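All remarks here apply to the structure that follows.
Shown next as structure tokens:
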């Protein structure tokens, strides 16, 4: 069996459409083209990342529309039908995100740009799933002959990095996204990968994001296009570009363990630019300290996974941005099976995640693997204030 091939292409600084199209063409040529993946007459679902506003280029939150356009143009030239489709994060109005970005111009130019939240939902069975027997997706996902994952390369507050595998989560309904967090984000995403089986990943690494991504991180211009048919290998390469070993990204690990690709660099051939020539260690979510509140404590057991650690970091950013840090006074956050000093009042403890031992699961326990940030904020506030959704226009009780 041959090695999984992943290509890295460097564009010029701040590239426009022509330069991005040239980079996409080169990246695809280096992995042998895609004419054996995409056939004339097929329906090809191109899945960008539209998680949430802001949608401007400089914020590095969403996949650049020029990248989606370039891939759609490649698909058209083969004689297939490209459909750019995605559902934004829970509670986010996808149509408003489209309207506030270049995807609106693509739609006006005749490209099929679809808000999946406005389309028919279907249940797809999962064979040998770890946490799901079926997943609620959309009819367009079921109808597609080929799915292309088109992520933005970013750090992520719950997954360390979001890339080709994690990007697929937008193909779930909002209700199922919520369920995925409750039963297990990483196994849930890999269950989804097992039924979608994308034929290709092409990564927007033009302007990336470090720190507390995927929304509130710091933009980093890298000017890269990365492509691969093996999503696990592609994510492994992208992780190493930004300073992670594959073993540090749980979605990559889980997918490799279940045989959906390789994260072993002995079985990966990197073509185009060498990783060493384009790599830059990104600031990790846990290193991007968002608050300094004197009598606030966070006790994290050393075995606490990055999901809950980074959820707490992102929660603190949410509270900082909504001017709610005063509510942290006297609060002790606990993640994992930590030892609690006896002098800490039990009613001050906000326990986060399914790994917290039962004796700490009081009225302010937040279940999930990892839980949604908004529920952690709700537990911290304990009725003393309103949970302010940072990128959702819907109330907590409507979005879960």
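Residue numbers (this note's numbering): 289 to 688. Positions of the beta carbon are idealized from the N, C-alpha and C atoms, including for glycine. Because the structure is a prediction, the values reported are computed rather than measured.
Three-way DSSP call (helix, strand, coil) for residue i in this model
{"i": "residue 321", "result": "coil"}
{"i": "residue 686", "result": "Caution applies to residue 686, whose pLDDT of 47 falls short of 50 and renders its modelled position unreliable; the model cannot decide the point."}
{"i": "residue 436", "result": "strand"}
{"i": "residue 548", "result": "coil"}
{"i": "residue 419", "result": "coil"}
{"i": "residue 516", "result": "strand"}
{"i": "residue 507", "result": "strand"}
{"i": "residue 585", "result": "strand"}
{"i": "residue 533", "result": "coil"}
{"i": "residue 565", "result": "helix"}
{"i": "residue 327", "result": "coil"}
{"i": "residue 410", "result": "strand"}
CA-to-CA distance, residue j to residue i, given in whole angstroms
{"i": "residue 623", "j": "residue 644", "result": "6 Å"}
{"i": "residue 698", "j": "residue 522", "result": "Because the chain is modelled from 289 through 688, residue 698 falls outside the range shown and cannot be assessed."}
{"i": "residue 306", "j": "residue 569", "result": "29 Å"}
{"i": "residue 347", "j": "residue 631", "result": "43 Å"}
{"i": "residue 655", "j": "residue 639", "result": "8 Å"}
{"i": "residue 417", "j": "residue 626", "result": "31 Å"}
{"i": "residue 600", "j": "residue 386", "result": "29 Å"}
{"i": "residue 647", "j": "residue 311", "result": "55 Å"}
{"i": "residue 351", "j": "residue 491", "result": "9 Å"}
{"i": "residue 610", "j": "residue 372", "result": "33 Å"}
{"i": "residue 485", "j": "residue 580", "result": "44 Å"}
{"i": "residue 664", "j": "residue 603", "result": "7 Å"}
{"i": "residue 407", "j": "residue 426", "result": "7 Å"}
{"i": "residue 423", "j": "residue 457", "result": "11 Å"}
{"i": "residue 384", "j": "residue 621", "result": "35 Å"}
{"i": "residue 336", "j": "residue 437", "result": "7 Å"}
Close Cβ partners of residue i (< 6 Å) along its chain, the five nearest in sequence each way excluded
{"i": "residue 584", "result": "616 and 619"}
{"i": "residue 504", "result": "605"}
{"i": "residue 354", "result": "305 and 308"}
{"i": "residue 390", "result": "353"}
Neighbourhood of residue i by C-beta distance below 7 Å, restricted to the same chain and skipping five residues each side
{"i": "residue 342", "result": "349"}
{"i": "residue 649", "result": "639"}
{"i": "residue 532", "result": "448 and 449"}
Residues near residue i in its chain [Cβ-Cβ closer than 8 Å; skip 5 each side]
{"i": "residue 323", "result": "366"}
{"i": "residue 482", "result": "414, 415, 416, 417, 546 and 548"}
### Query
Mind pulling the alpha helix (DSSP H) runs of 4 or more residues that sit fully within the region 443 to 505?
462 to 471 and 473 to 484
### Message
If contact is defined by three or more beta carbon pairs under 8 Å, each pair taking one atom from either stretch, is the region 379 to 395 in contact with the region 418 to 430?
### Response
no
### Query
If we count Cβ pairs, one from each stretch, closer than 8 Å, do we get three or more for the region 311 to 330 versus the region 553 to 570?
yes
### Query
Between the region 502 to 517 and the region 470 to 478, are three or more C-beta pairs nearer than 8 Å?
no
### Query
Can you list the beta strand (DSSP E) stretches of 3 or more residues lying completely in the region 597 to 632, in chain order?
620 to 623
### Task
Check whether the region 476 to 485 touches the region 544 to 551, taking contact to mean three or more Cβ pairs, one atom from each stretch, closer than 8 Å.
yes
#### Entry: Unbroken stretches of the alpha helix (DSSP H), 4 residues or longer, contained in the region 336 to 407
353 to 366, 382 to 387 and 391 to 396
#### Entry: Length at least 3, wholly inside the region 637 to 661: the beta strand (DSSP E) runs in chain order
637 to 640
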